[in-house]
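> Have a look at this one before I ask anything.
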Amino acid sequence: MPFIKYTDSLGDFLEENQVYFTYNKRKRFKEGDMLRYPANLRIEKHCIYVVGNTLNTMGLCSFSRSRLTERTTVGRYSSIAPNLKIMGFQHPIDRFSTSPITYSTHPSTVNVPLAAGTEEGNFQAIPYKQKVDAITIGNDVWIGEDVTCKPGITIGDGAVVATGAIVTKDVPPFAIVGGVPAKVLSYRFRQSVIDELLALNWWDYCYWTFDGVRAGDGIEYFIDQLQNLKAKNKLKRVSDLSFVSSKDIEKYV
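By this note's numbering, the letter at position 139 of the sequence shown is numbered 174, and the numbering carries on one by one without gaps.
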């Protein structure tokens, strides 16, 4: 994954595009700090990376108070509390042993003598395919503190992950999950409402164009209002806004 040295001009460019690193717009990097980012980076407006030095893909009005990997993607209007972690290296559980002796062929693995060349034999280790150290976080997702996720999972649109959960499989849209391992505790809305919200994709629009909508109105009223605004072409699409890409970042190398 690419790195770039932080400069004040890069910081100014990001701020001009409403990409922030603190809640009050203060700069938390200094000249020469290294930032990491993916080759397919896309950062939409009004995002905040509160901690870490990684720029991962993030959608409109989302923020993270956790250090995310550059491969992790975050949708729009999502909120990530501190200490979200992704599980580390996975060991095979369907072989005769979970030890690295069954999969490591790297000569620097000193506790695997065949690989290290300190012992001889005909035993054949078979490399174990790892899932990428990333997760996909949908739109309007709320992740509580101290959550741990298995690599490669997807947290669906509208989902809520309770504090301290260990998430080992995909989370359905609008599910509230918690526990060790995490299980579905309930859903934010009944299924018919969830279906309407998923069809509406309200997160594809700029919320400041939701004229006549009040935050505390019931969900059915919200759906009716958005459907009417959408039918009258009164909603501004997020895709019409500018965003920051890896190519934009690389102009400051």
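Backbone N, C-alpha and C define an ideal beta-carbon position, used for all residues, glycine too.
For residue 205, which residues in the same chain have their Cβ closer than 6 Å to its Cβ, ignoring the five residues on either side in sequence?
The residues are 188, 189.
> Can you give me the C-alpha to C-alpha distance between residue 41 and residue 66, rounded to a whole angstrom?
Residue 41 and residue 66: Cα-Cα distance of roughly 5 Å.
> When burial is assigned at 16 or more other CB atoms within 10 Å of the CB, is residue 148 buried or exposed?
Under this definition residue 148 is an exposed residue.
> How far does the beta strand (DSSP E) with residue 38 in it reach, from first residue to last?
That run of the beta strand (DSSP E) goes 38-40.
> Taking only the alpha-carbon atoms, compute the straight-line gap between residue 59 and residue 81 and give it to the nearest angstrom.
Looking at the two C-alpha atoms, the distance is approximately 12 Å.
> Per the contact definition of three or more C-beta pairs closer than 8 Å, is the stretch 72-81 in contact with the stretch 153-167?
Contact fails: fewer than three Cβ-Cβ distances are below 8 Å.
> Going along the chain, which residues of its own chain have a beta-carbon closer than 8 Å to the beta-carbon of residue 224, five neighbours each way excluded?
Cβ within range, chain order: 209, 232, 254.
> Output the boundary residues of the beta strand (DSSP E) element that contains residue 219.
Element bounds for residue 219: 218-222.
> For residue 120, which residues in the same chain have their Cβ closer than 6 Å to its Cβ, ignoring the five residues on either side in sequence?
Hits under 6 Å: 183.
> Tell me the rounded alpha-carbon separation between residue 277 and residue 134.
The straight-line gap from Cα to Cα measures roughly 49 Å.
> Going by C-alpha distance, which of 93, 154, 217, 241 is nearest residue 173?
Of the listed residues, the one whose Cα sits closest to residue 173 is 93.
> I'd like to know if the stretch 122-139 and the stretch 100-109 are in contact, where contact means that at least 3 CB-CB pairs between them fall below 8 Å.
Too few Cβ pairs lie closer than 8 Å, so no.
> Are residue 72 and residue 38 closer than 9 Å when you measure CB to CB?
Taking 9 Å as the Cβ cut-off, residue 72 and residue 38 qualify as a contacting pair.
> Residues bridged to residue 210 by DSSP?
Bridge partners of residue 210: 222.
> Quick check on DSSP: helix, strand or coil for residue 44?
In this structure, residue 44 counts as helix in the three-state DSSP scheme.
> Rounded to whole angstroms, what is the Cα-Cα separation between residue 215 and residue 200?
When rounded, the distance between both Cα atoms is 6 Å.
> Grab the span of the beta strand (DSSP E) containing residue 84 for me, first residue to last.
Counting along the chain, the beta strand (DSSP E) containing residue 84 begins and ends at 82-84.
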